[in-house]
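Using the working numbering, the final residue of the sequence shown is 534, and nothing's skipped along the way.
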Amino acid sequence: MKYLAWLLILMVGIWWFRQKRQSHSTEHKESGAQVMVPCSECGAHVPASDAIRGAKGVYCSKAHRQSHEA
Ligand SMILES: [Zn+2]
Numbered sequence: 465m466k467y468l469a470w471l472l473i474l475m476v477g478i479w480w481f482r483q484k485r486q487s488h489s490t491e492h493k494e495s496g497a498q499v500m501v502p503c504s505e506c507g508a509h510v511p512a513s514d515a516i517r518g519a520k521g522v523y524c525s526k527a528h529r530q531s532h533e534a
């Protein structure tokens, strides 16, 4: 009976560890995944943090913002 109790604790421990790892990996995925936005000029997808924001949309570079808004 003692053996069974230890087995149960071990199984719960493994389950808990896996849950923790899974939630950690998904958290990492979400924080690591960049929101990609398409350039209004050429359509290239660029990370939102790197995109150049213009009056008519977002762009991959300043050159494309200038040519699109000109
Ligand atoms: Zn572009």
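Each residue gets a CB set at the ideal place from its N, CA and C atoms; glycine is no exception. Note that the coordinates shown come from a computational prediction; the quantities given were computed from them, not determined experimentally.
Proximity to residue i [Cα-Cα], best of the options
i	options	result
E505	A512, D514, P511, K526	K526
K520	G477, A534, I473, Q498	A534
G507	Y467, V476, F481, H528	H528
A512	Y523, L471, V499	V499
V501	S531, W480, C524	C524
Where residue i falls: helix, strand or coil (DSSP)
i	result
V501	strand
G477	helix
A469	helix
A527	helix
Residues that DSSP places opposite residue i in a beta bridge
i	result
H509	P502
R517	V522
beta-carbon residue i near ligand 2 non-hydrogen atom, thresh 7 Å
i	result
S513	Looking at this structure, you won't find ligand 2 anywhere; what it does contain is ligand 1.
Supposed contact pair residue j and residue i - C-beta distance, whole angstroms, cut 8 Å
i	j	result
C503	V476	Not quite, the Cβ-Cβ distance comes to about 50 Å (not below 8 Å), so this is no contact.
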